[in-house]
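S.K.:
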Amino acid sequence: MICLGIEGTAHTIGVGVVKAVKGRCIVLSNLMNTYLPEKGGIHPREAANHHASQVAGLIQASVEHAQVQYSQIDLVAYSQGPGLGPCLRTAATAARALALSLEKPLIGVNHCVAHLEIGRGTIPECKDPILLYVSGANTQVIGFAEGKYRVFGETLDIGIGNCLDKFGRSLGMQFPCGPKIEQYAKKGTAYLELPYTIKGMDIAFSGLLTTAEEYARRGNRLEDICYSMQETAFAALTEVTERAMAHTEKHEVLLGGGVAANTRLRTMVEIMAQERGARFFVPAKGLCVDNGAMIAWLGYLMHQSGIRMSLNDSIINQRFRTDMVEVTWRD
Amino acid sequence: MTDKILYRGAEAEICLTAYHQKQMVQKRRVKKSYRIKEIDAQLISFRTKEEAKLITLARTCGVSVPLIYDVDLVGGVITMEYLRGKRIKDILNSLGERDRVRICRKIGESIALLHNHDIIHGDLTTSNMILHDDRIHFIDFGLGSISTELEAKGVDLHVLMEAFESTHSKYPDCFERVFEGYVKAFQRDASDVKKKIDDIVRRGRYR
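Heads up: the protein sequence lines correspond to chains A and B, in order.
First residue of the first sequence? That's 1 in this note's numbering, and the numbers climb one at a time after it.
First residue of the second sequence? That's 1 in this note's numbering, and the numbers climb one at a time after it.
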């Protein structure tokens, strides 16, 4: 079975084509284009306009790159939520139009669950992980328990990516600021104390952000601030992930989301996993960020387990929580 | 006698050890090499100190907790009484309806006793409660604090609510029963705390 997926929850519009072979996910193509604001954060309408101008070309290119014919596509999947309304609607409209013209079924999927399933689908040893999902908007610790994907811990205020972006932007860096902060952090030498906020398995970053901005105003070395931010925030993320692993007695950890590209975060989570005898996985780079292939793959899993969606039900849901998904494809 | 590890948690090992010829439990906080030593040392000594302080305080509020015999701040070790009970997490799902409701209410009463004295547990889950001698003992105050704020009490209960949702989802009324017990024993207006919990739920992503 071949499935085409369209991702459009935030700044990235992505189209991927996947093929299921013996229950494994083979990515045939996975193209994307990211809206980059000239200044400030993401503007939902501008991002949606960007997606609308890109999506048709991306579908064409992705199908060509996958070396399939439109007639071979069996299913069209799209990101139903959570995300920014205008962006979600643009991706969903494109998916509806494509499904109708190909006369193929349409299915909407949960973006956060897709981040987890693409790990399970493309990494053979990854079977029942705790996912640390770290992106601009989302920071969640997710695992499968009692029939659903449950959020064991999440940010109580802002996502870690957003925290890094806000700090970077306050100093004039351009989005995405995470990679720039990572470079500064490598040259940091002195640790500046920052709030380390954990409540149970939940986490908060706004205090850390305010204090880091204050250090910057006082003229502390930028390298030291970036180093301290990464060390503090990532230690807290690693700790809540480990707590969730201990709580659920799971022995695998998976990273996902744009911030998973950060080498220091990867190293920390990997050390944590090694020390507790657990396995550590990161999907291939293009499958970690927001992408169409993961949407296609989750669409396939849902369709295969018997889920069908009518056109009327294909309305988007900006507040589509991870634990709202009925998981019919796992025992 | 060699020490036996009873449980390996995320931040500490719980070991059975001999101390003055008695069988005791030691909670040993483990150094984490994923974090830099400044953060590691700070977290370990701060949490050990806070935990020992809060456990002692909780006892004076009438909440069952293990007795503390010794505290080592540098090593991050608390030596305490060995409770030969069962974790609520492991027994709650197999209890009969009446016992389950009774246990949940008792949990709520104990939390209210803590909150009456502004003690915030910080990690209220059913794995941190041990049924021993028909009393519910609270353990693991490692993320606890003292706070007069309503917000802290709300967050404390919200953590427990989430734990029930993920671990005891078969019985969706557990938290309601806990709150019934809480209302009974809380000396201030529990409806303010309830409102705070609703606030916190709404504040969560995508609510």
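The beta carbon of each residue, even a glycine, is placed where N, CA and C say it ideally should be.
Just so it is clear, the structure is predicted and the values come from calculations on it, not from any experiment.
Would the C-beta of residue 84 of chain B count as close to the ligand MN, meaning under 7 Å from any of its heavy atoms?
M.R.: In the structure shown, the ligand MN is absent, as is every other ligand, since no ligand is present at all.
S.K.: Can you list the residues of chain B that residue 229 of chain A reaches, using a CB-CB cut of under 8 Å?
M.R.: Sequence index remark: in the first sequence, residue 229 of chain A carries index 229 (1-based). Chain B residues near residue 229 of chain A: none, gap ~12 Å exceeds 8 Å.
S.K.: Once DSSP output is grouped into helix, strand and coil, what is the label at residue 35 of chain B?
M.R.: Mapped onto the second sequence, residue 35 of chain B falls at position 35. Coil.
S.K.: So if I threshold CB-CB distances at 7 Å, which residues from the segment 100 to 118 of chain B count as touching chain A?
M.R.: none
S.K.: Are residue 254 of chain A and residue 136 of chain A touching if we call contact CB-CB under 8 Å?
M.R.: Taking the first residue of the first sequence as position 1, residue 254 of chain A is located at position 254. Taking the first residue of the first sequence as position 1, residue 136 of chain A is located at position 136. Not a contact, by the Cβ cut-off of 8 Å.
S.K.: If you measure from the beta carbon of residue 199 of chain A to each beta carbon in chain B, is any gap under 8 Å?
M.R.: Residue 199 of chain A sits at position 199 when you count from the first residue of the first sequence. At least one chain B Cβ lies under 8 Å of residue 199 of chain A.
S.K.: Where residue 260 of chain A and residue 270 of chain A are concerned, what is the direct C-alpha to C-alpha distance, given to the nearest angstrom?
M.R.: Position 260 of the first sequence, counted from the start, is the residue given in the question as residue 260 of chain A. Position 270 of the first sequence, counted from the start, is the residue given in the question as residue 270 of chain A. Roughly 12 Å separates the two Cα atoms.
S.K.: I want to verify the contact list: residues of chain A whose CB lies under 9 Å from the CB of residue 159 of chain B, in sequence order.
M.R.: As a position in the second sequence, residue 159 of chain B is number 159, starting the count at 1. What residue 159 of chain B touches in chain A: 199, 200, 201 and 202.
S.K.: Is residue 182 of chain B close to chain A? Criterion is C-beta to C-beta, closer than 8 Å.
M.R.: Numbered from 1 along the second sequence, position 182 holds the residue referred to as residue 182 of chain B. Not flagged as an interface residue toward chain A: residue 182 of chain B, since no C-beta distance is shorter than 8 Å.
S.K.: Return the CA-CA distance between residue 24 of chain B and residue 194 of chain B, expressed in angstroms with no decimal places.
M.R.: Taking the first residue of the second sequence as 1, we reach residue 24 of chain B at position 24. Taking the first residue of the second sequence as 1, we reach residue 194 of chain B at position 194. Taking the straight line from one Cα to the other gives about 39 Å.
S.K.: Count the other CB atoms, across all protein chains shown, that sit within 10 Å of the CB of residue 121 of chain A; report buried if there are 16 or more and exposed otherwise.
M.R.: Reading the first sequence from its first residue, position 121 is the one you call residue 121 of chain A. Its Cβ being crowded by 16 or more others within 10 Å, residue 121 of chain A is buried.
S.K.: Is any beta-carbon of chain A found at less than 8 Å from that of residue 155 of chain B?
M.R.: Here residue 155 of chain B is taken as the residue at index 155 of the second sequence, counted from 1. Answer yes: the Cβ-Cβ gap between residue 155 of chain B and chain A drops below 8 Å somewhere.
S.K.: For residue 194 of chain A versus residue 232 of chain A, is the C-beta spacing smaller than 8 Å?
M.R.: By one-based count along the first sequence, residue 194 of chain A stands at place 194. By one-based count along the first sequence, residue 232 of chain A stands at place 232. A contact, by the Cβ cut-off of 8 Å.
S.K.: From which residue to which residue does the beta strand (DSSP E) around residue 94 of chain B run?
M.R.: Your numbering for residue 94 of chain B matches position 94 in the second sequence. Taken as a continuous stretch (DSSP letters only), residue 94 of chain B belongs to no beta strand (DSSP E), as it is neither H nor E.
S.K.: What is the DSSP secondary structure of residue 323 of chain A, counted as helix, strand or coil?
M.R.: As a first step, residue 323 of chain A must be located in the first sequence, where it is residue number 323. Helix at residue 323 of chain A.
S.K.: For the segment 9 to 27 of chain B, list every residue whose C-beta sits within 9 Å of some C-beta in chain A, in sequence order.
M.R.: 9, 10 and 11
S.K.: Just verifying my parser: in three-state terms, what is the DSSP assignment at residue 123 of chain B?
M.R.: Against the second sequence, residue 123 of chain B aligns to sequence position 123. In the structure shown, the three-state DSSP call for residue 123 of chain B is coil.
S.K.: With three or more beta-carbon pairs closer than 8 Å as the criterion, would you say the segment 45 to 57 of chain A touches the segment 86 to 94 of chain A?
M.R.: yes
S.K.: Find the residues of chain B that neighbour residue 152 of chain A, judging by a C-beta separation of less than 7 Å, and give them in chain order.
M.R.: Position 152 of the first sequence holds residue 152 of chain A. Result: 166.
S.K.: Measure how close the beta-carbons of residue 294 of chain A and residue 65 of chain A come, nearest whole angstrom, since I'm counting them as under 8 Å.
M.R.: Residue numbering aside, residue 294 of chain A sits at position 294 when the first sequence is read from its first letter. Residue numbering aside, residue 65 of chain A sits at position 65 when the first sequence is read from its first letter. That belief does not hold up - the Cβ atoms of residue 294 of chain A and residue 65 of chain A are roughly 17 Å apart, past 8 Å.
S.K.: Looking at the secondary structure, which residues open and close the beta strand (DSSP E) in which residue 143 of chain A lies?
M.R.: The residue you call residue 143 of chain A lines up with position 143 of the first sequence. Note, residue 143 of chain A: beta strand (DSSP E), 139 to 145.
S.K.: Counting only Cβ pairs nearer than 9 Å, list the residues of chain B close to residue 238 of chain A.
M.R.: As a position in the first sequence, residue 238 of chain A is number 238, starting the count at 1. Result: 32, 34 and 35.
S.K.: Where do the N-terminal and C-terminal ends of the beta strand (DSSP E) with residue 27 of chain A fall, by residue?
M.R.: Translated into the one-based positions of the first sequence, residue 27 of chain A becomes position 27. Counting along the chain, the beta strand (DSSP E) containing residue 27 of chain A begins and ends at 24 to 34.
S.K.: Is there a C-beta anywhere in chain B that falls below 8 Å from the one on residue 146 of chain A?
M.R.: Translated into the one-based positions of the first sequence, residue 146 of chain A becomes position 146. Yes, its Cβ sits closer than 8 Å to a Cβ of chain B.
S.K.: Quick one: give me the first and last residue of the alpha helix (DSSP H) that residue 180 of chain A is part of.
M.R.: Here the question's residue 180 of chain A lines up with position 180 in the first sequence. Where residue 180 of chain A is concerned, the enclosing alpha helix (DSSP H) stretches over 178 to 186.
S.K.: With the cut-off set at 8 Å, would you say residue 223 of chain A and residue 167 of chain A are in Cβ contact?
M.R.: What you label residue 223 of chain A is simply residue 223 of the first sequence in a count that begins at 1. What you label residue 167 of chain A is simply residue 167 of the first sequence in a count that begins at 1. Cβ atoms of residue 223 of chain A and residue 167 of chain A: not closer than 8 Å.
S.K.: Using beta-carbon positions only, say whether residue 1 of chain A and residue 291 of chain A come within less than 8 Å of one another.
M.R.: For the purposes of this step, residue 1 of chain A is taken as the residue at position 1 of the first sequence. For the purposes of this step, residue 291 of chain A is taken as the residue at position 291 of the first sequence. No, these two residues do not count as a Cβ contact at 8 Å.
S.K.: Please check if any C-beta of chain A sits within less than 8 Å of the C-beta of residue 122 of chain B.
M.R.: Taking the first residue of the second sequence as 1, we reach residue 122 of chain B at position 122. Yes - at least one Cβ of chain A is within 8 Å of the one on residue 122 of chain B.
S.K.: Going by the beta-carbon positions, is the gap between residue 158 of chain B and residue 200 of chain B smaller than 8 Å?
M.R.: As a working mapping, residue 158 of chain B is identified with position 158 in the second sequence. As a working mapping, residue 200 of chain B is identified with position 200 in the second sequence. Yes, the pair counts as a contact, with Cβ atoms nearer than the cut-off.
S.K.: For residue 126 of chain A, which residues in the same chain have their Cβ closer than 7 Å to its Cβ, ignoring the five residues on either side in sequence?
M.R.: Stepping through the first sequence from its first residue, residue 126 of chain A is reached at position 126. The residues are 119, 120, 252, 254 and 281.
S.K.: Could you tell me whether the segment 99 to 114 of chain A touches the segment 67 to 76 of chain A, where touching means 3 or more Cβ pairs closer than 8 Å?
M.R.: yes
S.K.: Is any beta-carbon of chain B found at less than 8 Å from that of residue 275 of chain A?
M.R.: Against the first sequence, residue 275 of chain A aligns to sequence position 275. Closer than 8 Å to some Cβ of chain B, the Cβ of residue 275 of chain A qualifies, so yes.
S.K.: Hey, quick one: how far does the alpha helix (DSSP H) through residue 304 of chain A stretch, first residue to last?
M.R.: Sequence index remark: in the first sequence, residue 304 of chain A carries index 304 (1-based). Run containing residue 304 of chain A: 292 to 304, per the alpha helix (DSSP H) assignment.
S.K.: Going by the beta-carbon positions, is the gap between residue 10 of chain B and residue 246 of chain A smaller than 8 Å?
M.R.: The residue you call residue 10 of chain B lines up with position 10 of the second sequence. The residue you call residue 246 of chain A lines up with position 246 of the first sequence. For residue 10 of chain B and residue 246 of chain A, yes; Cβs fall inside 8 Å.
S.K.: Give me the Cα-Cα distance between residue 50 of chain A and residue 300 of chain A, rounded to the nearest whole angstrom.
M.R.: By 1-based counting over the first sequence, the position of residue 50 of chain A is 50. By 1-based counting over the first sequence, the position of residue 300 of chain A is 300. Rounded to the nearest angstrom, the two C-alpha atoms are 27 Å apart.
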